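Numbered by UniProt numbering, the letters in the sequence shown go through residues 1 to 466 in order. Beta carbons are placed, not taken as given, at the ideal position from N, Cα and C, and that holds for glycine. Keep in mind the model is a prediction, meaning the values are calculated, not measured.
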Amino acid sequence: MDDDTLSFLDAGFLETEDSDDHASLTIGALAILAGPAPTPDQFREAVVARLVDLPHARDKLHMVPLDLGKPSWVEDPVFDLGHHVRRVALPQPGDEETLFGFVARVMGHRLDRDHPLWECWVVEGLTGERWAVLAKMHHCMADGIAGTKLFEAMCDENPPVITPATPEIVSQKQTPSGIIDTITGVLSPARQFRMLTAVLTAPQRFAAATIGATLGFARLLAEMVTSTSGTSLIGPIGRQRRYCAARTRMADVREICSAYGVTVNDVALAAITSGLRTLLLRRGEIPEARTVRTLVPVSVRTDPPGGGPVHNEVSLMLPFLPVDIEDHVEQLTAVHRRLAAHKAGNEAEGGKAFTALAQYGPFMPLAWAIRLAMRFPQHSVVAVATNIPGPRQMRHILGREILEIFPYVPIALRLRIGIAVLSYSDHLTFGITGDYDTNPDLADLAHGIEHGVASLLAAARLSEIS
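Here it is as structure tokens:
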């Protein structure tokens, strides 16, 4: 695929935004830094110079009339940094509530498609002599993992690209028999047998993978058209957003993982389950087994860390979160079991196969099909929850330490709540986006998530003692 042409999945985010007047499909990250804030010139010289060299940072969208072709990136002939790099000071007292309110307002506004689809905000006036950077880009530019790579480009720590040593070439030209002689001369008989077996069984393995992906996609379709039980978590949304966050420690999460033999993603989704159950109960609703089906994006990237395309490379799973279960450990066990079942069902592979095939089809009928589907209100998915691996070590911008990073995920199509989970150093943060009008109690969800992790940690330590 041409790097200047959007993939089918990238273009799908544009079509989805166009189909929902109340959606702004932008992803982002908010970094809190130790002060003092750099001057505009310092920030421009040290950080912005790197931003504008990132893929498509100087490009705007080119749309083909009547969808006769996919959208593509073209250079903005009047590119102006002033349109993309902004600076603002929070009103006093500059507390977290004020900051998160600012994030909600900025992220809720759509980006101007007549210009490159990103913004970078420097935010001054935080309490405790701190400042912040809010990076915002349209979802058609990158997924969460690629977005994290782009965010890291602003940091002082810019890891070098390690290129593996090129193997010595035996000869410039080799006949097939010469290649075989080379292989048999280097490999042991047992290794030769395994290679031959792999070659002979490749057609069968390909057929099995194709069948698995087809069945997985069929399961996804079935789940997409199956409604959930009624809940206030799903319904029409407005244009305004709320934003808040939950904080946990990676050391605590790893301790829970070790105690119960689960993954970080399992613990994060179990904590979200606890938070959503708390929210529903406080609203006077009864959490049922089929109340909260959640869209869980799954990365299908095959490139090594630090490499690969900037395009979206994600598929999805649609598990029900066990909000009907009260016990936190039982919630975690149920989440682990359900995610394992969805993975075994090849749902992510099915979604990946569909987007890969769509890449080679005519764009116009696919684009029109998306718009037609968006005209029918969806009743199957209640929330989105995505887990993004961030930097494992502390990062700095202009020598200032990044204290915390909070992710942002958009909402659309009757999903009133979106939760993004990001790991950074010893932090695991949950960035929570909500529709403004229908989620005045969004902080209850954040507190429920934190309480869920704390309860799991206490149970894990108690089990070790007993």
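Report the CB separation of residue i from residue j in whole angstroms; it is logged as a contact under 8 Å.
i	j	result
residue 135	residue 151	5 Å
residue 294	residue 444	Contact doesn't hold; Cβ gap of about 18 Å is too wide.
residue 127	residue 95	6 Å
residue 428	residue 407	Not confirmed; about 11 Å, so no contact.
residue 26	residue 107	6 Å
residue 259	residue 463	6 Å
residue 62	residue 116	Between residue 116 and residue 62 the Cβ distance is about 12 Å, and since that is not below 8 Å, they are no contact.
residue 32	residue 130	6 Å
residue 266	residue 366	The Cβ separation is near 34 Å, so there is no contact.
residue 314	residue 335	Actually they do not touch by this definition, with Cβ atoms about 20 Å apart.
residue 409	residue 438	That belief does not hold up - the Cβ atoms of residue 409 and residue 438 are roughly 17 Å apart, past 8 Å.
residue 467	residue 459	Look at the range of the chain in this structure, 1 to 466, and you will see that residue 467 is not part of it.
residue 5	residue 70	5 Å
residue 66	residue 364	7 Å
Among the options, whose alpha-carbon lies nearest the alpha-carbon of residue i?
i	options	result
residue 404	424, 63, 419 and 397	424
residue 250	426, 447 and 244	426
residue 242	286, 14 and 411	411
residue 154	419, 386, 417 and 401	401
residue 345	316, 333, 323 and 264	316
residue 35	125, 375, 73 and 85	125
residue 432	67, 268 and 263	268
residue 430	63, 436 and 420	420
residue 452	22, 253 and 110	253
residue 467	382, 371, 374 and 299	Residue 467 lies beyond the residue range present for the chain, which begins at 1 and ends at 466; the question has no answer from this structure.
residue 327	377, 284 and 270	270
residue 143	370, 339, 297 and 237	297
residue 229	256, 245, 257 and 321	321
residue 72	60, 80 and 82	60
residue 122	65, 84, 235 and 62	84
residue 68	331, 362 and 237	362
residue 291	335, 380 and 81	380
residue 236	416, 28, 314 and 313	416
residue 397	157, 54 and 448	157
residue 370	413, 256, 343 and 387	413
residue 244	8, 436 and 37	436
residue 262	340, 390, 110 and 374	340
residue 114	149, 37, 312 and 78	78
residue 472	256, 109 and 338	No answer is possible for residue 472: it lies beyond the span of the chain, which begins at 1 and ends at 466.
residue 89	40, 378 and 264	40
residue 53	325, 81, 9 and 42	81
residue 377	19, 14, 8 and 442	19
residue 119	48, 64, 97 and 100	48
residue 399	10, 46, 449 and 282	46
residue 22	109, 391, 284 and 92	109
residue 456	418, 240, 43 and 275	275
residue 10	43, 139 and 101	139
Which residues mark the beginning and the end of the alpha helix (DSSP H) in which residue i is found?
i	result
residue 124	Per DSSP, residue 124 belongs to no alpha helix (DSSP H); it is in the beta strand (DSSP E), 118–126.
residue 94	Per DSSP, residue 94 belongs to no alpha helix (DSSP H) and is neither H nor E.
residue 254	250–260
residue 236	Counting along the chain, residue 236 falls outside any alpha helix (DSSP H), and DSSP gives it neither H nor E.
residue 79	It is not in any alpha helix (DSSP H) - residue 79 carries neither H nor E in the DSSP assignment.
residue 40	40–43
DSSP has residue i in a bridge; who is on the other side?
i	result
residue 316	297
residue 276	Bridge partners of residue 276: none, in fact.
residue 72	5 and 62
residue 247	429
residue 34	130
residue 459	DSSP, once it has assigned bridges, lists no residue as partnering residue 459.
residue 242	434
residue 29	135 and 407
Considering just the uninterrupted stretch of the beta strand (DSSP E) at residue i, what are its terminal residues?
i	result
residue 137	130–138
residue 88	85–89
Run through the UniProt domain "O-acyltransferase WSD1 C-terminal" (312–452) for me and flag every whole alpha helix (DSSP H) of 4 or more residues, listed as ranges in chain order.
328–344, 347–358 and 363–374
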